[in-house]
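These notes are about the structure you will find just below.
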Amino acid sequence: METEFKEKLQILLAGAEIEMTRQMLQQSVRYYTLLVEENKKYNLTSITKPEEAAEKHFLDSLLLLPDLDEYKKPQVIDVGSGAGFPGLPLKIIRPELQMTLMDSAGKKTLFIDKIISELGLQGARTVHARAEEHALEYREYYDLALSRAVAEMRVLMELTIPLIKVGGKVIISKGPGVQEEIKTATNALQMLGGEVERVREFTLPVSGDKRAVVRIAKTHTTPPKYPRRPGMPGKRPL
């Protein structure tokens, strides 16, 4: 299984013109192995087959790379990181990223802690909290906020934009229908201080699944009343 995963990942990376050192590849394989092992104890992900995991976890996460290029050593937060995606694959290939991986499920942050320790990743930490709670202490602290299909866009904007500095970026990975989501989120973006900079659309090479990476720039300070109390962004989207 490890060998198959490694081979599939190498093929996918080559096709996407993403370079990875031998050590980075070894770290990715170890991460995958631990994910499969721990998934037997805890329900971390439904995607564990070698080729599917290589494409939908690792390649999918690394498609965010071009939007990180202008930053040398940014403070980054992965909101709703789950089993560590997209934050950990990006941390592996860009070790200089100061990466915070946040999730409200304790079993998932414990798993990420294990990966950080096993892979010897420096400058990575977990936060077991909801985004609404974390924003109370770390408001406008981060340079970049990342997220992958955690919620609809207008909800996700309220969970991420308050966390980043003015001039910072929110980078999210979404599936099909992203243009409609952007239209629906227009009001939320205006209220929170963000605007869409660009959208890059892809088709994953094996599954044929559609992906869109949306980059939002924070243009002005978020009003103090946002984010609202935990649960409200999802119950009553802006």
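Numbering-wise (my numbering), the sequence shown opens with residue -17 and increments by one.
Where a beta carbon is used, it is the ideal one built from N, C-alpha and C, also for glycine.
Quick caveat, the model's predicted, so the values are computed rather than measured.
Which of helix, strand or coil DSSP assigns to residue i
i, result
"R136", "helix"
"T223", "The shown model of the chain, from -17 to 220, leaves out residue 223, and the question about it has no answer."
"A113", "helix"
"L220", "coil"
"P71", "helix"
Span of the beta strand (DSSP E), counted from its first residue to its last, around residue i
i, result
"M81", "Q80 to D85"
Start and end residues, alpha helix (DSSP H) containing residue i
i, result
"M(-17)", "It is not in any alpha helix (DSSP H) - M(-17) carries neither H nor E in the DSSP assignment."
"G105", "No alpha helix (DSSP H) contains G105, which DSSP labels as neither H nor E."
"P215", "M214 to K217"
For residue i, the nearest candidate out of the options (CA to CA)
i, options, result
"L138", "P187, A35, I154 and L92", "I154"
"K207", "L46, G105 and G175", "G175"
"E163", "D191, R136 and E183", "R136"
"Q80", "P56, L47, L72 and Y14", "P56"
"G64", "K217, T82 and R180", "T82"
"I75", "Q8, I59, A199 and D125", "Q8"
"D85", "R112, E134, A(-4) and K156", "R112"
"K151", "K200, E134 and P205", "K200"
"V195", "S189, V160 and Y13", "V160"
"Y14", "Y24, P32 and K23", "P32"
"I198", "M(-17), L145 and E1", "L145"
"E(-1)", "V188, E(-14) and L44", "L44"
Check: residue i C-beta below 8 Å from any heavy atom of the ligand MG
i, result
"A111", "With respect to small molecules bound, the structure shown includes none, and the ligand MG cannot be examined in it."
Runs of alpha helix (DSSP H) lying entirely within the segment 119 to 200, each at least 4 residues, in chain order: 135 to 142, 160 to 166 and 168 to 174, all fully within the segment 119 to 200.
Ordered list of beta strand (DSSP E) runs contained in the segment -13 to 68, each at least 3 residues: Taking 3 residues as the minimum length, the beta strand (DSSP E) runs contained wholly in the segment -13 to 68 are 57 to 61, in order along the chain.
The segment 112 to 123 contacting the segment 92 to 101, beta-carbon criterion three pairs below 8 Å: Touching, no, given that fewer than three Cβ pairs across the two stretches are closer than 8 Å.
Cβ pair count under 8 Å reaching 3, the segment 180 to 188 against the segment 209 to 218: The segment 180 to 188, when compared against the segment 209 to 218, does not touch it at the 8 Å Cβ threshold.
Stretch pair the segment -12 to -3 + the segment 33 to 41: three plus CB contacts closer than 8 Å: Verdict: yes, contact present.
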